[in-house]
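Asker: One structure coming up, written as structure tokens, with questions to follow.
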Amino acid sequence: MNIGIIVHSKTGTTLKFSEIIAGKCREKGHTVDLVQLKTDIAVDSGSVRQKMNFSLINNPDCSGYDAILAGGPVWALSASPIIIAFLEEQQSFSGKKLLPFVTMSFPFTFMGGKQAIKLMSSTAAGKGAVVLPGKIVPRLFHNSQALMVKAAEEIANLL
Ligand SMILES: Cc1cc2nc3c(=O)[nH]c(=O)nc-3n(C[C@H](O)[C@H](O)[C@H](O)COP(=O)(O)O)c2cc1C
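Numbering-wise (numbering that gives the first Met the number 0), the sequence shown opens with residue 0 and increments by one.
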């Protein structure tokens, strides 16, 4: 399977999770591209509820992928505006699998993780994706490295 992992990561945590996912998917024989989203201006904060002025400068062409794994940090109790911009700007995910994943600081998934996955899933479904159950890795009071490895194995087994 041809897999695109598209990630927004400001401080490297979600990128690290992406790299673990990529490794587990490659172990299963999949071909994986990992693309880190970039914006024209620095975006250090913000929320999906406010209008923001950035543009994506490397919105990838996902037409060649069978499955897209879209990841980002939780921001302001929801998804990062940058990963949502990616999902909204794609023309169609028709016939493709899409699995959302997030990392977050707070210990409980209801503190933004679940809301982020819900919004990413509904945005992708609106573009015709077959949405797979998302993964949330919280950090505070957790062994986030172990959670990332476990989630990455589950993702690779699901595809
Ligand atoms: C602007 C901003 C808002 C954030 N809001 C939340 C939040 O609502 N809940 C949470 O658990 N973590 C929140 N965080 C923490 C990040 O989700 C967390 O540190 C994440 O793992 C960072 O991923 P990254 O290194 O890939 O950017 C926020 C971080 C930033 C910069």
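No residue lacks a Cβ here, since even glycine has one placed at the ideal position from N, Cα and C.
(1) CB of Val73 to nearest heavy atom of ligand 1: below 6 Å?
(2) I want to check one thing, is the minimum distance from the CB of Leu158 to the heavy atoms of ligand 1 below 6 Å?
(3) Where do the ends of the alpha helix (DSSP H) carrying Asn156 lie?
(4) Where does Ala128 sit, in a helix, a strand or coil, going by DSSP?
(5) As a quick exercise: from Lys117, Ser121 and His29, pick the residue whose alpha carbon is nearest that of Ile135.
(6) Could you tell me whether any non-hydrogen atom of ligand 1 is closer than 6 Å to the CB of Lys9?
(7) Bridge partners of Phe100, per DSSP?
(8) Pairing CB atoms from the region 36 to 45 with CB atoms from the region 94 to 103, are three or more of them under 8 Å?
(9) On the criterion of 16 or more Cβ atoms from any shown chain inside 10 Å, does Gly11 qualify as buried, or is it exposed?
(10) Is the closest heavy atom of ligand 1 to the C-beta of Gly111 under 6 Å?
(11) Express the C-alpha separation of Gly22 and Ala123 in angstroms, rounding to a whole number.
(12) Report buried or exposed for His7, applying the criterion of at least 16 other Cβ atoms within 10 angstroms of its Cβ.
(13) Is Leu76 near ligand 1, going by C-beta to nearest heavy atom under 6 Å?
(14) Is it buried or exposed for Met103, if we count other Cβ within 10 angstroms and need 16 for buried?
(15) Measure how close the beta-carbons of Leu184 and Met119 come, nearest whole angstrom, since I'm counting them as under 8 Å.
(16) For Ala84, which three-state DSSP category applies?
Answerer: Reading from the atomic positions:
(1) Here the question's residue 73 lines up with position 74 in the sequence shown. For ligand 1, at least one heavy atom lies less than 6 Å from the Cβ of Val73.
(2) If you number the sequence shown from 1, residue 158 lands on position 159. Leu158 Cβ: outside cutoff for every heavy atom of ligand 1.
(3) Translated into positions along the sequence shown, residue 156 becomes position 157. Where Asn156 is concerned, the enclosing alpha helix (DSSP H) stretches over Ser143 to Leu157.
(4) Position 129 of the sequence shown holds residue 128. Correct three-state label for Ala128: coil.
(5) Here the question's residue 135 lines up with position 136 in the sequence shown. For Ile135, the nearest C-alpha among the options comes from Lys117.
(6) Here residue 9 refers to the residue found at position 10 when the sequence shown is read from its first residue. Remark: the C-beta of Lys9 is in contact range of ligand 1, defined as less than 6 Å to any heavy atom.
(7) Locating residue 100 in the sequence shown gives position 101, where the first residue counts as 1. Listed as beta-bridge partners of Phe100 by DSSP are Gly70 and Lys134.
(8) No contact exists between the region 36 to 45 and the region 94 to 103.
(9) Numbered from 1 along the sequence shown, position 12 holds the residue referred to as residue 11. Taking a 10 Å sphere around the C-beta of Gly11, we find fewer than 16 other C-beta atoms and assign the residue as exposed.
(10) For the purposes of this step, residue 111 is taken as residue 112 along the sequence shown, with counting starting at 1. Short note on Gly111: C-beta closer than 6 Å to some heavy atom of ligand 1.
(11) Locating residue 123 in the sequence shown gives position 124, where the first residue counts as 1. Locating residue 22 in the sequence shown gives position 23, where the first residue counts as 1. Computed Cα separation, rounded: 24 Å.
(12) As a working note, residue 7 is residue 8 in the sequence shown. Under the 10 Å beta carbon count, His7 is surrounded by 16 or more other beta carbons and is classified as buried.
(13) Position 77 of the sequence shown, counting from 1, holds the residue named residue 76. The nearest non-hydrogen atom of ligand 1 is less than 6 Å from the C-beta of Leu76.
(14) As a working note, residue 103 is residue 104 in the sequence shown. Flag for Met103 reads buried.
(15) Given that the chain is displayed from residue 0 to residue 158, the structure contains no residue 184 and the question cannot be resolved.
(16) Counting from 1 along the sequence shown, the entry for residue 84 is found at position 85. The DSSP-derived three-state label of Ala84 is helix.
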